[in-house]
Amino acid sequence: MSDTVHTRRDFLKNAAATAGAGALYLASPEDLAPQAGVKSRVVLIRNRGLLDAAGSPRKEVMRQMLDEAVASLMNEKDPLKAWQRLFKPSDAVGIKTNEWNYLRTPLELETAIRARIMDAGVRTSNIGITDRDVRGDDVFGRTTALVNVRPMRTHHWAGVGSLIKNYIVFSRLPFTYHGDSCADLAKIWEFPEVKGKTRLNILVMFTPLFHGTGPHHFNRKYVWSYQGLLVGTDPVAVDSTGVRILLAKRREFFREERPLNPPPKHVFLADTRHHLGTADPNKIDLVRLGWKEGSLI
Amino acid sequence: MTQKNPEASRLAPAESNGWKAAAEDRLFQGRQLYEYIDGGAELYISYGFKYLFSRTYTRPGQPGITLDLFDMGRSQDAFGVFSQSREKIERDAGQGSEYAAGQMIFWKDRYYISIMGQGETVELKKAVFEMAGKISNDIPGEGPLPTIIERLPGKDLVPESVRYFHHYVWLNSHYYIADRNILRINKKTDAILAKYGRGMKRTVLLVVEYADEKEMELARADFMKHFLPDAAGRRAVRIEDGTWTACGSRGRHLAVVFSATAEAKALRLIDDALMDRK
Numbered sequence: 000m001s002d003t004v005h006t007r008r009d010f011l012k013n014a015a016a017t018a019g020a021g022a023l024y025l026a027s028p029e030d031l032a033p034q035a036g037v038k039s040r041v042v043l044i045r046n047r048g049l050l051d052a053a054g055s056p057r058k059e060v061m062r063q064m065l066d067e068a069v070a071s072l073m074n075e076k077d078p079l080k081a082w083q084r085l086f087k088p089s090d091a092v093g094i095k096t097n098e099w100n101y102l103r104t105p106l107e108l109e110t111a112i113r114a115r116i117m118d119a120g121v122r123t124s125n126i127g128i129t130d131r132d133v134r135g136d137d138v139f140g141r142t143t144a145l146v147n148v149r150p151m152r153t154h155h156w157a158g159v160g161s162l163i164k165n166y167i168v169f170s171r172l173p174f175t176y177h178g179d180s181c182a183d184l185a186k187i188w189e190f191p192e193v194k195g196k197t198r199l200n201i202l203v204m205f206t207p208l209f210h211g212t213g214p215h216h217f218n219r220k221y222v223w224s225y226q227g228l229l230v231g232t233d234p235v236a237v238d239s240t241g242v243r244i245l246l247a248k249r250r251e252f253f254r255e256e257r258p259l260n261p262p263p264k265h266v267f268l269a270d271t272r273h274h275l276g277t278a279d280p281n282k283i284d285l286v287r288l289g290w291k292e293g294s295l296i
Numbered sequence: 000m001t002q003k004n005p006e007a008s009r010l011a012p013a014e015s016n017g018w019k020a021a022a023e024d025r026l027f028q029g030r031q032l033y034e035y036i037d038g039g040a041e042l043y044i045s046y047g048f049k050y051l052f053s054r055t056y057t058r059p060g061q062p063g064i065t066l067d068l069f070d071m072g073r074s075q076d077a078f079g080v081f082s083q084s085r086e087k088i089e090r091d092a093g094q095g096s097e098y099a100a101g102q103m104i105f106w107k108d109r110y111y112i113s114i115m116g117q118g119e120t121v122e123l124k125k126a127v128f129e130m131a132g133k134i135s136n137d138i139p140g141e142g143p144l145p146t147i148i149e150r151l152p153g154k155d156l157v158p159e160s161v162r163y164f165h166h167y168v169w170l171n172s173h174y175y176i177a178d179r180n181i182l183r184i185n186k187k188t189d190a191i192l193a194k195y196g197r198g199m200k201r202t203v204l205l206v207v208e209y210a211d212e213k214e215m216e217l218a219r220a221d222f223m224k225h226f227l228p229d230a231a232g233r234r235a236v237r238i239e240d241g242t243w244t245a246c247g248s249r250g251r252h253l254a255v256v257f258s259a260t261a262e263a264k265a266l267r268l269i270d271d272a273l274m275d276r277k
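Residue numbers (numbering that gives the first Met the number 0), protein chains in the order written: chain B, 0 to 296; chain R, 0 to 277.
See below:
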């Protein structure tokens, strides 16, 4: 890390060159490193009929959303072909979920992902799903492919609970990544058990948490029925898009500019410092499917 | 984990509106807090957290309730933690409270308390308010606020925006300054941040009280070097977004105004914050 101090003013100077990026880059005053190659594709799919009156996902609607999003991501008309391009029968697939008590990855979604991976030809015994036990799980010990799936939420110390952060439990000492608001979480993606294995990143936007209060950083007042999924192969691009939606919701709710606290700098440093993917909206090909009203992006 | 008889356990009622204590009480001290709060322990530790007493309550056919009583050691720090997420000014319990969707958060003396329903029903809300009232009454006295609060000018102040802290991460949380601690905020400093005015863009005032004048001067020099290198002797500078940033100091106190719409407004806030209060 350099000894240079990056201030809010540095960000403002850079923002002039990235019009519209606004509050997004406030958290990350480093210059955005140019990313070679094509834009990162992120698919946002929403369905206003996803959640029932009790707030649970309707399985069939959710399954269709997942299929449509994956097909669009892979540029395939037939969803099964898209899944088959992502996973081979010889793969051992770890589905890294998130079991946070107040807003967990819906079990129905875990089941749907597992079913589609099986449809692609992967044996049940070669599919593992876990959150905290990635270091002890049999399948995770021999994965050739990973699926990263978790809900989007604000977070006490990291700014957001992101796809990038979801891999923190691959570390034996997760707390060692808490420094500087979890700035360098992307380093974990260099671990041999992780590097290059993530085929699919799914940010669950069914009921995102846009603000936290109290010791558990959760209050139902600050979730809303967005009824969406963000899907991509670039975790930084998906997280960055999720952050933009949370920021827009906060602006709408609080009626003032209200950056995330603390700033989700790990998302942007994953781009500028660790080159894991792109956080720059100008370099993200955002495909919007389904319900558009209130998409906030 | 269970430990016997911490002072906070005596404040936790056995029952409230039909909700009864269930399971084992738990006590977390120091860094044990990481075991209880996923990713959130740092907030409390940065405020000098002593221990947390936690009790759960159940009532058949109703959502559960979790009571968390934090002993922060000093009333100023209990207020500081409370101030971090305050969105409105209420006083239904203790020295300041906030209720939303089944959750009551309040502070009194050195205690910061959260009563969290796993849902919200009419009966649960009644139980939460009853429990908060009882705990509040059983904490014998009120504790002082941080004295630095008195430095905040009252005119146009947004009261619910006041944040008190002594870790620089919390400054960046509410108003991003820099990726380094250029204002030298640490355990020995008291810092207060507040917004002024209404609307999408508000003026922000930061006042920091240092251990001594020398420390203040070092912080001021760092801030001017990194944030206002173009000040050239001026107290206020119009920065890249068209707003004014101003900086002033007096004795052990440093005041900085950000995002002011006019130079005069920025300087007036600085002068009011640094005014002699003797």
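The beta carbon of each residue, even a glycine, is placed where N, CA and C say it ideally should be.
Asked: Just tell me which of B:E292, B:T143, B:P234 and B:P207 has its CA closest to the CA of A91 of chain B.; Found: B:T143
Asked: With a threshold of 7 Å between beta-carbons, can R7 of chain B be considered close to chain R, or not?; Found: yes
Asked: F267 of chain B lies in the alpha helix (DSSP H); which residues open and close that run?; Found: K264 to T271
Asked: Within the 7 Å Cβ cut-off, does Y98 of chain R reach chain B?; Found: no
Asked: For a cutoff of 7 Å on Cβ pairs, would you count R219 of chain B as touching chain R?; Found: yes
Asked: One question on the structure: do H155 of chain B and L66 of chain R come within less than 7 Å of each other, judged by their Cβ atoms?; Found: no
Asked: List, in order along the chain, the chain R residues whose C-beta lies closer than 9 Å to that of W156 of chain B?; Found: G38, G39, A40, E41, L42 and V168
Asked: Would you tell me roughly how many angstroms separate the C-alpha atoms of R272 of chain B and P191 of chain B, rounded to the nearest one?; Found: 19 Å
Asked: Tell me the rounded alpha-carbon separation between Q83 of chain B and N74 of chain B.; Found: 13 Å
Asked: Report the option in B:R152, B:G158, B:M151 and B:K186 whose CA atom is closest to the CA atom of V168 of chain B.; Found: B:K186
Asked: Going straight from the alpha carbon of L11 of chain B to that of E255 of chain B, what length do you get?; Found: 18 Å
Asked: For a minimum of 3 consecutive residues, which ranges assigned as the beta strand (DSSP E) are wholly contained in the segment 32-59 of chain R?; Found: 50-57
Asked: Would you tell me roughly how many angstroms separate the C-alpha atoms of K186 of chain R and P59 of chain R, rounded to the nearest one?; Found: 46 Å
Asked: Alpha carbon to alpha carbon, what distance is there between Y56 of chain R and S27 of chain B?; Found: For S27 of chain B, the predicted structure reports a pLDDT of 37, less than 50, and the residue's modelled location is therefore unreliable. A value from the coordinates is still provided. Cα-Cα distance, rounded: 43 Å.
Asked: Hey, which unbroken runs of the alpha helix (DSSP H) at 4 residues or more fall wholly within the segment 131-191 of chain R?; Found: 167-173
Asked: Between the segment 282-296 of chain B and the segment 110-122 of chain R, do at least 3 Cβ pairs fall closer than 8 Å?; Found: no
Asked: Going along the chain, which residues of its own chain have a beta-carbon closer than 8 Å to the beta-carbon of D270 of chain R, five neighbours each way excluded?; Found: G247
Asked: For a cutoff of 7 Å on Cβ pairs, would you count G213 of chain B as touching chain R?; Found: yes
Asked: What is the DSSP secondary structure of H215 of chain B, counted as helix, strand or coil?; Found: coil
Asked: Which residues in chain B have a C-beta closer than 7 Å to the C-beta of K200 of chain R? List them in chain order.; Found: E256
Asked: Between the segment 101-113 of chain R and chain B, which residues of the former have a C-beta closer than 8 Å to a C-beta of the latter?; Found: G101, Q102, I104 and S113
Asked: With DSSP as the reference, label D76 of chain R as helix, strand or coil.; Found: helix
Asked: Nearest-angstrom Cα distance between Y46 of chain R and K200 of chain R?; Found: 29 Å
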